[in-house]
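First comes the structure, then the notes that go with it.
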Amino acid sequence: MSYSQFNLQPVLKPIDNLFLDRLRQFTDGGRYRELNLPKFYDYERVDSSSDAISLKVWAVPDKDGKTARPLFRDIDFDAIEWKDAKKGDNFGPSWKTFWFKIEWEIPSHWLDKGEIDFDWDCSNEGLIYDSKGMPLQAFTGGERNLFILPEKFKKAGKQLFYLEIACNGMFGNGDGGNPDPNRYFRLNRCDLVLPDVEARKLFWDFWIIGDAARELGGGPQKYQAASVATKIMDTFNPNDRKSIKKCRELAKSYLGPDIDSDEVYHKNPLNKVDVSAVGNCHIDTAWLWPFAETRRKIVRSWTTQLKLADEYPEYVFVASQMQQFKWLKQDHPEILKKIKEKFSTNQFLPIGGSWVENDTNMPGGESLIRQFLLGQRSMVSEFGTYATIFWLPDTFGYSSQIPQICQAVGIEKFLTQKLSWNNINQFPLSTFNWKAIDGSQVLVHMPPANTYTASANFGDVVRSSHQHKNLRDVPTGLLLYGHGDGGGGPSEEMLEKLRRCRGLSNTSAAIPTVHVGNTVEDFYDEVLEKSEQGSTLPTWTGEIYLEFHRGTYTTQADVKKWMRLCEIKMHDLELLATHLSIGNHKYKYPTKDIQSLWEDIALCQFHDVLPGSCIGMVYYDEVKPMLTRALKKLDELIKDALEHVGAASGDFVAVNTLPWQRVELVKLPKQDVSQLDDSVLCIESDDQRILGYATETGSFLRKEDIKYPASLTKKKDSFILSNKLLQAEILSDGTISSLIDLSTGREIIDPTETKQTTGRGNQFVLFDDEPLNFPAWDTEVYSLNKFSFLTGGEVVSVTDHPLESKLVVKHTISEKSSIETTISLQGLTDASHVPQNNFLKFSCHVEWHEFYKFLKVQFPTCIKPHNLRCTRHNLVSLSVQPTITPLGMSLSLKCATISSWTCSNSTTEFSY
1 MSYSQFNLQP
11 VLKPIDNLFL
21 DRLRQFTDGG
31 RYRELNLPKF
41 YDYERVDSSS
51 DAISLKVWAV
61 PDKDGKTARP
71 LFRDIDFDAI
81 EWKDAKKGDN
91 FGPSWKTFWF
101 KIEWEIPSHW
111 LDKGEIDFDW
121 DCSNEGLIYD
131 SKGMPLQAFT
141 GGERNLFILP
151 EKFKKAGKQL
161 FYLEIACNGM
171 FGNGDGGNPD
181 PNRYFRLNRC
191 DLVLPDVEAR
201 KLFWDFWIIG
211 DAARELGGGP
221 QKYQAASVAT
231 KIMDTFNPND
241 RKSIKKCREL
251 AKSYLGPDID
261 SDEVYHKNPL
271 NKVDVSAVGN
281 CHIDTAWLWP
291 FAETRRKIVR
301 SWTTQLKLAD
311 EYPEYVFVAS
321 QMQQFKWLKQ
331 DHPEILKKIK
341 EKFSTNQFLP
351 IGGSWVENDT
361 NMPGGESLIR
371 QFLLGQRSMV
381 SEFGTYATIF
391 WLPDTFGYSS
401 QIPQICQAVG
411 IEKFLTQKLS
421 WNNINQFPLS
431 TFNWKAIDGS
441 QVLVHMPPAN
451 TYTASANFGD
461 VVRSSHQHKN
471 LRDVPTGLLL
481 YGHGDGGGGP
491 SEEMLEKLRR
501 CRGLSNTSAA
511 IPTVHVGNTV
521 EDFYDEVLEK
531 SEQGSTLPTW
541 TGEIYLEFHR
551 GTYTTQADVK
561 KWMRLCEIKM
571 HDLELLATHL
581 SIGNHKYKYP
591 TKDIQSLWED
601 IALCQFHDVL
611 PGSCIGMVYY
621 DEVKPMLTRA
631 LKKLDELIKD
641 ALEHVGAASG
651 DFVAVNTLPW
661 QRVELVKLPK
671 QDVSQLDDSV
681 LCIESDDQRI
691 LGYATETGSF
701 LRKEDIKYPA
711 SLTKKKDSFI
721 LSNKLLQAEI
731 LSDGTISSLI
741 DLSTGREIID
751 PTETKQTTGR
761 GNQFVLFDDE
771 PLNFPAWDTE
781 VYSLNKFSFL
791 TGGEVVSVTD
801 HPLESKLVVK
811 HTISEKSSIE
821 TTISLQGLTD
831 ASHVPQNNFL
841 KFSCHVEWHE
851 FYKFLKVQFP
861 TCIKPHNLRC
871 TRHNLVSLSV
881 QPTITPLGMS
891 LSLKCATISS
901 WTCSNSTTEF
911 SY
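Heads up: the sequence shown runs through residues 1 to 912, numbered per full-length UniProt numbering.
This is how it looks when you write it as structure tokens:
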């Protein structure tokens, strides 16, 4: 063929942005719907206005003024007064439960045409049951509307189904803002559908090809994808459904011939960077919805995943949190049975090792260990195996002791994702060894796509490679896909898109090779193999700090306080019960009670519950009543144990539950200590007496026992608290002007006045708190720039006594808020107890009703910041941290600022 002498048909140069924008018209519908692919999505459709579908509804009555959520097995459907329902009806208000009775008859001429769907969209969450009460699949407005009928339901005659809806969206009832108590949900669709399956497959083909054209960098692969997509659009004929077949042939020329089955994963890919895609549906045990709704989210989500596992043999799904498995067993044991069947084929895999996906910073060390004890014990009981991977994709920071605890319970791998939310420093690694302060380590992977709710798009697969921060160390990444936070999980669409992504890596090296069918364990095994058992990976030592959600250390203060009380009482109960069960044959260890209490405590340590980031309903209706019951039960069990010790005899019995000798002040009812030796020191009040008690001698303290008596002296404008070892001068407004270590003569308080400090300790400072995102979750560094010193403190009472001297100071913060602080100093018996008790104690009670404010207290010190170290008590250990940032900037501990943390889990000492 020779070059033509004349150009009779000029060809225009494609304009990239115009051609790429055009691609969306093919699948989007809109004004050109009848000219593009959406025209052919369905062959036929009938709705509830036809004779084919009968729709009736029952509004579940509230119970004691609260939403009722009855299980199928507890409803007498024959006794219900059903009402007619139709498309366009609204259902509500928020959280209300409705049941629908649906009878349909499939048109006879559909029965030999292949797939038949039920299309339901009420804009909220729902679950369809067969007539006998077996859950079949969930619906989620806008995300999952189609129920593909299994073969057994594709038959002639009338069929009966029931459908439960919850009047909330996947993310509760906030709809992007504060919860709306009067939200209603419209029934948009209730249709039987005869779909054009090939048209829908072409939709998925075109989606991935279009993504490749848009997201691949400039080069031949990008333009090849754009060319194929354009040819498909030009080949499509809106007047000829048969043109879909030709379009699909064009798509397969680019994506490969095997994209309609799992066979695509058995071909040899051209790209050598691997991405393992694993389905999951992160279900927050509570957040924008209560525990009670989570129980329904579990069965909705997991029932749907079981159906997908039947339809896609390559599919692997993981679920964490053994608390959720326990709830499922209680509510729907028939679904747990099916899960165990899929567990045996490696398609539905429990994972995680913990009771819930917990917070790791605020619980005590024993609680964190119990999370794993409860989780692993339940895992073995239900599935006969231990978890080997700690699964914690979403939490607000990571304690330095997690690797040590994990190793102790047989876990060597860890997965998380939340660290990608850092808003200051980007964490530098994706796959690495994480070493605890004792040297224990776990293998960590953070999914490079920076999400655990990926939609399985082309870009998600690419980001799983391109955003891997140390891909050179190990060329593999994990992709977690599926609707999450509010549950839901993967959809048919996601699995179809992944097949096409794998087809593309089989035919070209345009994207990483995605594997569906690998388990999370398989992925970690691959990492170990490619990194010489982790020896070539970088190592991170100590705490992994999340630079986000720092405001959660104060939110829902009561919950944090009660949690710590529960932990303390659990320690005391278990200590007493253990000793008694060994030495007292009349005492029976309360195993079931302790197990139940720990489960409730561990549940309330979920990473949105304990930090305080749930909606108010969670706390007022569930968490606070639960912790209140736990504290009451603990008091009963401890009382019973003490009676077996001998406390019922009428004599005083002192039980030291700590492993060292102590000298403490104890409060006793006045009537119980009406007769005391005059030499016994006693602080009188209206209804009680405070006495000193030494565990070493087993006796109350007498005057001669106090070698360093506490005293309070009134001066003109101040008070002096002293015990001959420590002396504090407290001004009349409650601030500390001087704090002296009398044994060395050293002054602790720096009196220098600056813009940032008054030069006095116990100085309350009120800051504006207007974060960029998540009020009550976040607080930002710029908040420290705008503040005011709290003034007007007033000493309202004083006590001068050798056992303990103290004064009470009251500050008015606003018309509604105030703070009352008791500043006390204890008398000491001898030098051996000085390190234990020689400190100035501040006990604060705050009445807080402020918005967008936070309160701190300052103690400007004479400790110089050069080479200063911070020794911090972390859960069950100590860690030493420098006070210099990686940028070499001092943290300015010359003025140590203590946040208004309601329930601190740590004590801090500064040394140099």
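Even for Gly, the Cβ is constructed at its ideal location relative to N, Cα and C.
By the 10 Å Cβ neighbour count, where 16 or more other Cβ atoms means buried, how is residue i classified, buried or exposed?
i	result
residue 3	exposed
residue 380	exposed
residue 945	No information on residue 945 is available, as it lies outside the stretch 1 to 912 that the chain covers here.
residue 658	exposed
residue 7	exposed
residue 685	exposed
residue 582	exposed
residue 138	buried
residue 448	buried
residue 15	exposed
residue 333	exposed
residue 625	exposed
residue 1	exposed
residue 91	buried
residue 205	buried
residue 925	Lying outside 1 to 912, the shown extent of the chain, residue 925 is not represented and no answer is given.
residue 742	exposed
Just curious, the alpha helix (DSSP H) that residue i is in, first and last residue?
i	result
residue 582	557-583
residue 255	243-255
residue 406	402-408
residue 267	Element bounds for residue 267: n/a, residue is neither H nor E.
residue 498	492-507
With DSSP as the reference, please indicate the residues paired to residue i in a beta bridge.
i	result
residue 486	283
residue 445	415, 431
residue 731	718
How is the beta strand (DSSP E) around residue i delimited, first residue to last?
i	result
residue 119	117-121
residue 129	125-130
residue 329	From DSSP, residue 329 is part of no beta strand (DSSP E) but of the alpha helix (DSSP H) over 322-331.
residue 739	736-741
residue 823	818-826
residue 318	317-319
Three-state secondary structure (DSSP) at residue i?
i	result
residue 420	helix
residue 620	helix
residue 914	Any question about residue 914 goes unanswered here, given that the chain covers just 1 to 912.
residue 918	Nothing about residue 918 can be read from this structure; the chain reaches only from 1 to 912.
residue 354	coil
residue 645	helix
residue 4	coil
residue 459	helix
residue 63	strand
residue 629	helix
residue 381	helix
residue 934	Limits of the chain in this structure are 1 at one end and 912 at the other, which puts residue 934 out of reach.
residue 26	helix
residue 179	coil
residue 886	Residue confidence for residue 886 is low, a pLDDT of 45 falling below 50, so the modelled location carries little weight and cannot support an answer.
residue 911	At residue 911 the pLDDT is 36, less than 50, meaning the model places this residue with poor confidence; the figure from the coordinates comes in the next sentence. Correct three-state label for residue 911: strand.
Which whole-angstrom value describes the C-beta separation of residue i and residue j, a residue pair presumed to lie in contact below a C-beta threshold of 8 angstroms?
i	j	result
residue 360	residue 389	Contact doesn't hold; Cβ gap of about 16 angstroms is too wide.
residue 265	residue 515	7 angstroms
residue 68	residue 97	6 angstroms
residue 195	residue 105	Not confirmed; about 18 angstroms, so no contact.
residue 103	residue 54	4 angstroms
residue 167	residue 237	Not really, about 44 angstroms apart at Cβ, beyond 8 angstroms.
residue 512	residue 464	7 angstroms
residue 874	residue 399	6 angstroms
residue 706	residue 541	Not really, about 46 angstroms apart at Cβ, beyond 8 angstroms.
residue 683	residue 803	6 angstroms
For residue i, is the beta carbon positioned less than 7 angstroms from some heavy atom of the ligand SAH?
i	result
residue 658	Although the ligand SAH was asked about, the structure shown includes no ligands whatsoever.
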